[in-house]
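To convert, take the position in the sequence shown, counting from 1, and add 1; that gives the working numbering. C-beta: ideal position from N, C-alpha, C; glycine also. Owing to the predicted nature of the structure, the values given are computational and were not obtained by experimental measurement. Right, one structure below, let's go through it.
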Amino acid sequence: MRISSLTSLALLGTVYALPTLILPWFGHIQLDSLLNGLSYSHSHAEKTIYQILKEDENFSRLVKAIDLNEKAVEFLDDPAQSVTFFAVPNSGLPRRHRHHEKEGDVYHAKPINDLEQLILQVEQLDHLSDIEDREKCKERLAHFVHRVLAYHTLPEKLTSAQLHENSTYATKLTLKDGSFDHQPQRISVQSKILPPSLKINFYAGVTRRDVEASNGVIHHITRPLLPPPSIFQEAFLFPQAFSYVTSAIQRVHLTGAIDRWHVPEEDDERSGFHGATATTFFAPTAAAFHHLPRKLQLFLFSPIGERALKKLLEFHIIPNFVLFSDYVHNATSEESAMTDLTSDLRAAQYHANLPGLLVAPFDDSIVHVNVARYEAKLPIRDGVRSFTKFKVNGVPVFPFDVPARNGALQVIHKLLDPRRKRGHHDHDHEHERVTEDEVDASWDDWEEWLPQWALEN
Numbered sequence: 002m003r004i005s006s007l008t009s010l011a012l013l014g015t016v017y018a019l020p021t022l023i024l025p026w027f028g029h030i031q032l033d034s035l036l037n038g039l040s041y042s043h044s045h046a047e048k049t050i051y052q053i054l055k056e057d058e059n060f061s062r063l064v065k066a067i068d069l070n071e072k073a074v075e076f077l078d079d080p081a082q083s084v085t086f087f088a089v090p091n092s093g094l095p096r097r098h099r100h101h102e103k104e105g106d107v108y109h110a111k112p113i114n115d116l117e118q119l120i121l122q123v124e125q126l127d128h129l130s131d132i133e134d135r136e137k138c139k140e141r142l143a144h145f146v147h148r149v150l151a152y153h154t155l156p157e158k159l160t161s162a163q164l165h166e167n168s169t170y171a172t173k174l175t176l177k178d179g180s181f182d183h184q185p186q187r188i189s190v191q192s193k194i195l196p197p198s199l200k201i202n203f204y205a206g207v208t209r210r211d212v213e214a215s216n217g218v219i220h221h222i223t224r225p226l227l228p229p230p231s232i233f234q235e236a237f238l239f240p241q242a243f244s245y246v247t248s249a250i251q252r253v254h255l256t257g258a259i260d261r262w263h264v265p266e267e268d269d270e271r272s273g274f275h276g277a278t279a280t281t282f283f284a285p286t287a288a289a290f291h292h293l294p295r296k297l298q299l300f301l302f303s304p305i306g307e308r309a310l311k312k313l314l315e316f317h318i319i320p321n322f323v324l325f326s327d328y329v330h331n332a333t334s335e336e337s338a339m340t341d342l343t344s345d346l347r348a349a350q351y352h353a354n355l356p357g358l359l360v361a362p363f364d365d366s367i368v369h370v371n372v373a374r375y376e377a378k379l380p381i382r383d384g385v386r387s388f389t390k391f392k393v394n395g396v397p398v399f400p401f402d403v404p405a406r407n408g409a410l411q412v413i414h415k416l417l418d419p420r421r422k423r424g425h426h427d428h429d430h431e432h433e434r435v436t437e438d439e440v441d442a443s444w445d446d447w448e449e450w451l452p453q454w455a456l457e458n
């Protein structure tokens with residue numbers, strides 16, 4: 002659900018006037034007027050998305066995959082639709098080296114989850130010598146086309162200007178295994194002012210915007226969009242940033258709280274998907290651990306500090322609740338939404354008190370989220386736009402809104418302190434920045450409370 006339909010969240014429609022100076026820490030700045038001035042709209046209003054791609058040789062490899070699935074062709078060629086499609090040109094797709102081509106690769110390949118794998122295997126069909134095998138493989142690959150392309154499709158037509166209005170958007174891909182609590186998988190949108198740019202999921206640049214079609218709009222992107230892995234696997238892919246926390250999660254046996262994995266059918270008793278279906282993880286970076294007092298680091302990763310480490314990590318995990326800056330989903334209750342308190346999310350601020358995985362007395366398990374969208378006046382025509390600031394327990398979240406298969410990964414550079422509700426450190430931490438080699442002084446007194454807190458409950 003969008004924030005405008007939230008319950009359990011208090012929405013405050015407070016507007017803040019900002020100076021025209023643009024700073025890099027402003028985060029997600031909506032710049033449709035600037036983009037309208039610097040990008041070009043290409044109109045093929047009489048042609049469908051499929052027809053536009055079919056007639057453009059730059060998309061011949063993508064179209065070859067689309068053509069395998071009649072339903073995919075019908076959908077993209079249906080003039081009654083109104084969707085957004087992110088199209089990858091030939092130059093954005095990998096080439097298979099000749100010495101890697103084996104007939105068995107395409108026939109016995111594992112399930113395909115991304116466009117790169119799909120395109121390579123579709124092209125390998127031409128190298129199969131047996132016609133019967135080729136047809137069987139075509140039929141097999143056709144099943145994956147719809148799922149892979151669904152993550153490149155938004156169910157509504159959104160221009161590049163409109164894409165800047167939110168941080169995340171639902172795609173047409175919904176996973177049957179229950180990941181994300183059967184809600185559509187999401188993409189994240191990032192934008193910059195100078196130079197003007199638009200990215201999807203932090204890595205796919207939008208190179209040509211707003212190719213108008215009779216049934217929607219096409220945006221060209223530099224790389225295929227990969228349906229994201231689980232929260233744990235996503236963090237594991239970036240050891241430089243998350244090596245401490247992934248090691249800690251495994252050490253205290255909390256992997257199942259943020260991971261989602263598949264057990265092959267050979268294991269009849271446990272076959273299928275397991276782990277967390279809908280979760281938010283405020284993931285501390287390696288720097289967050291590095292800035293702790295050295296003695297505390299040694300304590301947390303020692304056998305005697307394992308209980309404290311587990312409770313601290315549980316405090317960072319919000320189970321059964323997906324929280325993005327512009328979208329929330331409560332997997333435990335359909336009545337999580339209150340009355341619509343605002344019809345316009347722009348320049349709004351909302352607060353949320355969310356129960357963490359930690360089971361603790363009093364309010365030690367509650368994390369306090371604040372998301373604010375501020376208005377910024379830019380020195381351009383119609384240049385009043387907004388940017389978002391996201392905090393948890395007063396700690397800035399950045400980058401934020403990293404989509405995962407089973408929820409949201411929100412990055413923080415300070416460990417969250419569970420003492421907040423006890424009147425300790427109950428203030429904004431934004432200006433408490435520590436340098437690369439500086440120790441976080443807020444943890445200096447850890448010996449006075451942390452071991453005892455770890456023993457509670």
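Which of helix, strand or coil does DSSP assign to residue i?
i: A455; result: helix
i: F325; result: coil
i: A1; result: Past the boundaries of the shown model lies residue 1; the chain is included only from 2 to 458, so the question cannot be answered.
i: T340; result: At T340, the pLDDT of 29 sits below 50, so the modelled position is not reliable and the matter cannot be decided from this model.
i: W450; result: coil
i: R224; result: coil
i: W444; result: helix
i: H369; result: strand
i: I219; result: strand
i: E104; result: Residue placement at E104 cannot be trusted, given a pLDDT of 45 that sits under 50; what the coordinates show is reported in the next sentence. It is helical.
i: Y152; result: coil
i: F388; result: strand
i: H165; result: coil
i: E439; result: coil
i: K415; result: coil
i: G276; result: strand
i: N91; result: helix
i: P397; result: strand
i: K173; result: coil
i: V264; result: strand
i: H292; result: coil
i: L24; result: Note on L24: pLDDT 35, under 50, position unreliable in the model; the coordinate value appears next. If DSSP states are grouped into helix, strand and coil, L24 belongs with coil.
How about residue i and residue j: do their beta carbons lie closer than 8 Å?
i: V253; j: L164; result: no
i: Q411; j: V396; result: no
i: A289; j: K415; result: yes
i: R406; j: S231; result: yes
i: V84; j: E166; result: no
i: T389; j: S192; result: no
i: S215; j: K48; result: yes
i: L355; j: V370; result: yes
i: D182; j: H330; result: yes
i: A284; j: I367; result: no
i: I222; j: G306; result: no
i: E71; j: P225; result: no
i: F86; j: T172; result: no
i: Y152; j: L174; result: yes
i: W447; j: R420; result: no
i: L69; j: Y51; result: no
Could you spell out where the beta strand (DSSP E) holding residue i opens and where it closes?
i: Q350; result: Q350 to P356
i: V207; result: A205 to A214
i: T85; result: V84 to A88
i: R271; result: Neither: R271 is in no beta strand (DSSP E) and is coded neither H nor E.
i: T256; result: Segment T256 to I259 is the alpha helix (DSSP H) holding T256; no beta strand (DSSP E) there.
i: S61; result: Premise fails: S61 lies in the alpha helix (DSSP H), S61 to I67, not in any beta strand (DSSP E).
i: K200; result: S198 to I201
i: Q191; result: R187 to K193
i: P404; result: V403 to A405
i: P320; result: I318 to P320
The alpha helix (DSSP H) that contains residue i, what's its start and end?
i: G306; result: Taken as a continuous stretch (DSSP letters only), G306 belongs to no alpha helix (DSSP H), as it is neither H nor E.
i: K72; result: E71 to L77
i: P240; result: P240 to R252
i: E124; result: L116 to Q125
i: E235; result: I232 to F237
Could you give the C-beta distance for residue i and residue j, rounded to a whole number, given that I count them as a contact under 8 Å?
i: I259; j: A277; result: 6 Å
i: A66; j: I120; result: 6 Å
i: L126; j: V89; result: That pair is no contact at about 19 Å.
i: P294; j: D438; result: Not really, about 13 Å apart at Cβ, beyond 8 Å.
i: D402; j: S334; result: Actually they are not in contact, since the Cβ atoms of D402 and S334 sit about 23 Å apart, beyond 8 Å.
i: I219; j: I53; result: 6 Å
i: V323; j: G408; result: 5 Å
i: T280; j: P229; result: Actually they do not touch by this definition, with Cβ atoms about 13 Å apart.
Practice prompt. Could you tell me whether the segment 138-145 touches the segment 182-195, using the rule of 3 or more Cβ pairs below 8 Å?
Written response: No, the segment 138-145 is not in contact with the segment 182-195.
Practice prompt. Examine the Cβ distances between the segment 201-219 and the segment 236-249 and report whether three or more of them are shorter than 8 Å.
Written response: Using a Cβ-Cβ distance cut-off of 8 Å, the segment 201-219 and the segment 236-249 are not in contact, since fewer than three pairs of beta carbons, one from each stretch, lie closer than that value.
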